[in-house]
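Visitor: Got a structure for you, questions after.
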Amino acid sequence: MPLAGAVALAVLLGVAAFVIFNKEQGCSGEKVTLRVVATPDIQPVISKAADTFTKANHDVDGRCISVTVAKESAAKTAGALQAGKPPAEVWVADSGLWISQLRASAEGASLPETTATIASSPIVLAASAASAKKLEGTLQPSWEGMISAANVASTEGAAKKIRVLALDPAKNSAGLTALLAAAGAAQAAGTDQKALLGAMKKLSREMAADPSALLASLTVRSGAKVPIGVSSEQAIWAHNDKKPDAPVVPLYPTEGTLSLDYPYVVLSPDATMRKAAESFAKELGTDATKKQLRDLGFRTPDGKGGAALAKDKGFSPAAPQALDAPDAKTVASMAQSWTRLNLGTRMLALLDVSGTMALPVPGTGLTRMQVIAQTALGGLGIYDAKAEIGAWSFSTHLDGQGTDYKELVPVGPLGEPVNGVLRKDLLGATLTNIQAKATGDTGLNDTLKAAYGKMVEEYAEDKINVLLVLTDGAGNDDPDGGVNNTEILQYLKETYDPKRPVNLLLIAFGPDAPPGKSRMDALAKATGGEAFIVKNPLDVKNVFLEGMARRLCAPNCDG
């Protein structure tokens, strides 16, 4: 080889070696550090992909990209974004529901839409393997069955055999997704909304802190009831991968389900960061990353699972049928409904003890007073220990001349002691022993004015404030005068404040109730409340649930 050619070859080889060396050692200029925050379940896969990506020296505009990954609950990240403090340039949440809710808020309106999803995991019912075997042949897994079992107003059927455990939908994507799936299935089946509300109310008392805690508690029975929970398919795999003494199996709802979808959201508006994020997104779509996802119990976005979801492990290799995805308005409505429904309760119950309450209710074998007592006792079962409830009785001259009402139990938490007795037990004993005043008339209007004024004065911002009237529906009958019908209606209209609502809920029984319904409706409507006539005391829980439904529309309820 001529000398000139040899020199040229050496130079070319040297340049090539320099380029290769520099490519291995890093790109020119300052590194671009792309921060990613991901939910704990998928974070291990994202971290592994980030290591592979960073070591490959991918670049943007000639600068090497370094990807760091932190794990954080979706609820915490969403809170940071609402506060205007994004914790990273990229967010991998476990569900697009978070994005939907954030984009619906003023603070999150500028959040970009999801451009890609990384994985999926169907939401299913879950039970210990032993419990699932016992339920075979008697109960078919379904959202409809879950609603029936969890309905606070149900005492028979599935409710007698099953205890349903939930995840707080305000903090857990699986919890909110399960509620949306159940609501969608219920709507398709034409199920009464009260049943769903009853289930939501009961589930609010049966919540686990997180998916791991819920799955671990499925082996703990409550009396004769078998515990069943809601979970993502992947969370069940992760639980069983730890080799627990009692493995958990998924129960796939017959109606189909919704899935966690793990959206990849670029939060940074910076052009360089967005290019880096787009480059890293390609790494998450490689066959190697997809295999890692399947190995850890996830499905890829197309629904395909791997050996981790094998049939002999209790899973369905094929993805379950997908329910129609809820739109943003439906998601926001469900989240708001949950929040309103589970606000604390502050309620004063007014019990009619006038002379007519000693009369029988046809077809029941009970007096009106006994029916009212049973109604109130049944209603108490809906409320938890933190609910603040009290009771007055009313007739005429109950507490001295001219005072038509008398405090029986002061308003306060049901779980709080009153003179050494739990308030709930004191209320129960009071209702059991209450008697009608044989010669008493009905000073309803005077009582309403005094009680409503007290509830307005003691209004609790963090609670649903309710004035409950249990009566035979005969209306005001006060020979000594007092507040007349026109005056009480005007008082309620003037005193009601939709920004600080105290709702009037009237429940009536007996033959006098239907003729008095229009009058009761007018009183209730003045406060955004409602009036009901109950023929069977056993229906009372459903009536209370209808009253609770007012929470979902207040202060803009119809009627």
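Position 257 of the sequence shown, counting from 1, maps to 600 under the numbering used here, and the rest follow consecutively.
By construction, the Cβ of each residue, glycine as well, lies at the ideal position given by its N, Cα and C atoms.
Predicted, not measured: the structure shown is a model, and the values here were computed from it.
1) Are residue 831 and residue 819 closer than 9 angstroms when you measure CB to CB?
2) Quick check on the DSSP output: the beta strand (DSSP E) that includes residue 714 runs from which residue to which?
3) How would you label residue 448, buried or exposed, when you count the other beta carbons within 10 angstroms and need 16 or more for buried?
4) Hey, would you say residue 657 sits closer than 9 angstroms to residue 570, going by beta carbons?
5) What does the alpha-carbon distance come out to for the pair residue 507 and residue 455?
6) So, are the CB atoms of residue 387 and residue 415 less than 9 angstroms apart?
7) Could you check what DSSP says for residue 414 in three-state terms: helix, strand or coil?
8) If contacts are defined as beta-carbon pairs under 8 angstroms, then residue 519 and residue 440 qualify, I think. What distance do you get, rounded to the angstrom?
9) Quick check on residue 535: does DSSP put it in helix, strand or coil?
10) At 4 residues or longer, what runs of the alpha helix (DSSP H) sit wholly inside the region 816-861?
11) CA-CA distance, residue 538 and residue 494?
12) Buried or exposed: where does residue 552 fall if 16 or more other Cβ atoms within 10 Å of its Cβ makes it buried?
13) So, with DSSP's three-state summary, where would you put residue 645?
14) Between the region 723-732 and the region 762-770, are three or more C-beta pairs nearer than 8 angstroms?
15) Tell me the residue span of the beta strand (DSSP E) that contains residue 695.
16) Across which residues does DSSP place residue 808 in a beta bridge pair?
17) Taking Cβ to Cβ, would you say residue 536 is nearer than 9 angstroms to residue 529?
18) With DSSP run on the structure shown, which of helix, strand or coil describes residue 884?
19) Secondary structure at residue 870, three-state DSSP: helix, strand or coil?
20) Taking the DSSP output, what are the residues bridged to residue 550?
21) Starting from the Cα of residue 586, find the closest Cα among 559, 567 and 596 and give me that residue.
22) In the DSSP assignment, what residue or residues form a beta bridge with residue 422?
23) With distance defined between alpha-carbon atoms, name the residue in 405, 404, 725 and 412 nearest to residue 395.
24) In the DSSP assignment, find the unbroken beta strand (DSSP E) run with residue 331 in it and report its ends.
25) Of the residues 573, 500, 663 and 655, which one's Cα is nearest the Cα of residue 463?
26) Indicate the three-state DSSP secondary structure (helix, strand or coil) for residue 387 in the structure shown.
27) Quick one, which of 642, 855, 474 and 376 has its alpha-carbon nearest residue 564's?
28) Looking only at C-alpha atoms, which of 698, 403 and 591 sits nearest to residue 652?
29) Secondary structure at residue 438, three-state DSSP: helix, strand or coil?
30) Can you have a look at residue 503 and say buried or exposed, based on whether 16 or more other CB atoms are within 10 angstroms of its CB?
31) Quick one: what's residue 737 bridged to in DSSP?
32) Is the CB-CB distance between residue 687 and residue 807 below 9 angstroms?
33) What three-state label does DSSP hand residue 461 in the structure shown?
34) Pull up the distance between the alpha-carbon of residue 843 and that of residue 810, whole angstroms please.
35) Based on Cα-Cα distance, which residue from 671, 815 and 434 lies nearest to residue 459?
36) Rounded to the nearest angstrom, how far is the Cβ of residue 787 from that of residue 719, given a contact under 8 angstroms?
Guide: Looking at the atomic coordinates:
1) As a position in the sequence shown, residue 831 is number 488, starting the count at 1. As a position in the sequence shown, residue 819 is number 476, starting the count at 1. Between residue 831 and residue 819, the C-beta spacing is below 9 angstroms.
2) Numbered from 1 along the sequence shown, position 371 holds the residue referred to as residue 714. Run containing residue 714: none in the beta strand (DSSP E); it sits in the alpha helix (DSSP H), 711-723.
3) Taking the first residue of the sequence shown as 1, we reach residue 448 at position 105. Residue 448 should be labelled exposed.
4) Residue mapping note: residue 657 aligns to position 314 of the sequence shown, counting from 1. Residue mapping note: residue 570 aligns to position 227 of the sequence shown, counting from 1. With respect to residue 570, residue 657 sits apart: the two C-beta atoms are not nearer than 9 angstroms.
5) Within the sequence shown, numbered from 1, the residue matching residue 507 stands at position 164. Within the sequence shown, numbered from 1, the residue matching residue 455 stands at position 112. Near 36 angstroms, if we compare the C-alpha coordinates of residue 455 and residue 507.
6) For the purposes of this step, residue 387 is taken as the residue at position 44 of the sequence shown. For the purposes of this step, residue 415 is taken as the residue at position 72 of the sequence shown. No; because the gap between Cβ atoms is not below 9 angstroms, this pair is not in contact.
7) If you number the sequence shown from 1, residue 414 lands on position 71. In the structure shown, residue 414 sits in a strand (DSSP, three-state: E or B).
8) In the sequence shown, counting from the first residue as 1, residue 519 sits at position 176. In the sequence shown, counting from the first residue as 1, residue 440 sits at position 97. Correct: roughly 6 angstroms between the Cβ atoms.
9) Here residue 535 refers to the residue found at position 192 when the sequence shown is read from its first residue. Coil.
10) Contiguous alpha helix (DSSP H) elements confined to the region 816-861 occur at 828-838, taking only those with 4 or more residues.
11) Numbered from its first residue, the sequence shown carries residue 538 at position 195. Numbered from its first residue, the sequence shown carries residue 494 at position 151. Cα atoms of residue 538 and residue 494: separation of roughly 6 angstroms, rounded to the nearest angstrom.
12) By one-based count along the sequence shown, residue 552 stands at place 209. Exposed, by the Cβ-count rule.
13) Stepping through the sequence shown from its first residue, residue 645 is reached at position 302. In the structure shown, residue 645 sits in coil (DSSP, three-state: anything other than H, G, I, E or B).
14) Taking 8 angstroms as the limit for Cβ pairs, the verdict is that the region 762-770 does touch the region 723-732.
15) Within the sequence shown, the letter at position 352 stands for residue 695. Here the beta strand (DSSP E) through residue 695 covers 687-695.
16) Locating residue 808 in the sequence shown gives position 465, counting from the first residue. Under DSSP, residue 808 shares a beta bridge with 689 and 845.
17) Numbered from its first residue, the sequence shown carries residue 536 at position 193. Numbered from its first residue, the sequence shown carries residue 529 at position 186. Going by C-beta atoms, residue 536 is nearer than 9 angstroms to residue 529.
18) Position 541 of the sequence shown holds residue 884. Three-state result, residue 884: helix.
19) For the purposes of this step, residue 870 is taken as residue 527 along the sequence shown, with counting starting at 1. In this structure, residue 870 counts as coil in the three-state DSSP scheme.
20) Reading the sequence shown from its first residue, position 207 is the one you call residue 550. Beta-bridge analysis with DSSP links residue 550 to 509.
21) The count along the sequence shown starts at 1 and reaches residue 586 at position 243. Of the listed residues, the one whose Cα sits closest to residue 586 is 559.
22) Translated into the one-based positions of the sequence shown, residue 422 becomes position 79. DSSP output for residue 422 lists no bridge partner at all.
23) Stepping through the sequence shown from its first residue, residue 395 is reached at position 52. Of 405, 404, 725 and 412, the residue nearest in Cα terms is 412.
24) As shown, the chain starts at 344 and ends at 902. That puts residue 331 outside it, with no answer to give.
25) Sequence index remark: in the sequence shown, residue 463 carries index 120 (1-based). Residue 663 is the option with its Cα nearest to residue 463.
26) Position 44 of the sequence shown holds residue 387. In the three-state DSSP reduction, residue 387 falls in the helix class (H, G or I).
27) Numbered from its first residue, the sequence shown carries residue 564 at position 221. Nearest C-alpha to residue 564 among 642, 855, 474 and 376: 474.
28) On the sequence shown, residue 652 is found 309 positions in, with the first residue counted as 1. Taking the Cα of residue 652 as reference, the smallest distance to any Cα among 698, 403 and 591 is reached at 591.
29) In the sequence shown, counting from the first residue as 1, residue 438 sits at position 95. Coil.
30) If you number the sequence shown from 1, residue 503 lands on position 160. Classification for residue 503: exposed.
31) By 1-based counting over the sequence shown, the position of residue 737 is 394. As DSSP reads the structure, residue 737 sits in a beta bridge with 695 and 748.
32) Position 344 of the sequence shown holds residue 687. Position 464 of the sequence shown holds residue 807. Yes, the pair counts as a contact, with Cβ atoms nearer than the cut-off.
33) Position 118 of the sequence shown, counting from 1, holds the residue named residue 461. Of the three classes helix, strand and coil, the one that applies to residue 461 here is coil, per DSSP.
34) Locating residue 843 in the sequence shown gives position 500, where the first residue counts as 1. Locating residue 810 in the sequence shown gives position 467, where the first residue counts as 1. The straight-line gap separating the alpha-carbon atoms of residue 843 and residue 810 is approximately 13 angstroms.
35) Here residue 459 refers to the residue found at position 116 when the sequence shown is read from its first residue. Its Cα nearest to that of residue 459, the residue 434 stands out among 671, 815 and 434.
36) Position 444 of the sequence shown holds residue 787. Position 376 of the sequence shown holds residue 719. Between residue 787 and residue 719 a beta carbon distance of about 17 angstroms is seen, past the 8 angstroms cut, so the two are scored as non-contacting.
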